[in-house]
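S.K.: The structure under discussion is supplied below as structure tokens; questions concerning it will follow.
Right, dumping it as structure tokens:
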């Protein structure tokens, strides 16, 4: 029992690497399901923008496997998706990579915090969105990027409200099931 508790609190590098690889696969595959449904229903990519399916595996791996797995998968998930599917678009790719890096990192840092899972999800979301907002502001004001605007910060929050709510619902349920699977 003690060995299980220790391994749960400190997953090995091998376990974190496997978890990160699985999350990258999920970050590519899960959005494709939403895009296929969107294409079949005539909604196009709007389902992905609304339900934020790429965020789910990244937040999960951070909360389950730690900050290394979360940050690496958050960085590599959007890149792998772009290389394999062309999505997210090239103008948004760096921002998605940074945002999901933030999600995974913050979720991992909160992994062992003594608080409800929903609070961990909310704090990781706020952290990831803050990283994205900072990246957009730096890109626009310091680098003169005209491909993305400051208004996109608020637009992504409003457009993704259903996705945020989905994360608040699904992730705590999955975490609960994983944590209580051996009982």
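Numbering (this note's numbering), first residue to last: -6 to 176. No residue lacks a Cβ here, since even glycine has one placed at the ideal position from N, Cα and C.
Cutting at 7 angstroms between CB atoms, please list the residues of its own chain near residue 11, excluding the five before and the five after it.
M.R.: Hits under 7 angstroms: none found.
S.K.: State the start and end residues of the unbroken alpha helix (DSSP H) segment that holds residue 7.
M.R.: Element bounds for residue 7: 6 to 34.
S.K.: Using 10 angstroms around the beta-carbon of residue 64, count the other beta-carbons present and answer buried if the total reaches 16, otherwise exposed.
M.R.: Per the 10 Å Cβ criterion, buried.
S.K.: Residues in its own chain within less than 6 angstroms of residue 55 by CB, not counting five upstream and five downstream?
M.R.: The residues are 63, 97, 100 and 101.
S.K.: Measuring alpha carbon to alpha carbon, tell me which of 138, 129, 160 and 171 ends up nearest residue 148.
M.R.: Considering only alpha carbons, the answer is 129.
S.K.: Using a Cβ-Cβ cut-off of 7 angstroms (strictly less than) and excluding sequence neighbours within five positions of residue 8, which residues of its own chain qualify?
M.R.: 58, listed in sequence order.
S.K.: May I ask which residues mark the beginning and end of the alpha helix (DSSP H) holding residue 216?
M.R.: Examination of residue 216 is not possible in this model, given that the chain is present from -6 through 176 alone.
S.K.: From which residue to which residue does the alpha helix (DSSP H) around residue 47 run?
M.R.: Here residue 47 belongs to no alpha helix (DSSP H), and DSSP marks it neither H nor E.
S.K.: At 3 residues or longer, and completely inside the segment 70 to 147: list those beta strand (DSSP E) runs for me, N to C.
M.R.: Listed in chain order, nothing qualifies, since the segment 70 to 147 has no complete beta strand (DSSP E) run of 3 or more residues.
S.K.: Quick check on DSSP: helix, strand or coil for residue 153?
M.R.: Here residue 153 sits in coil by DSSP.
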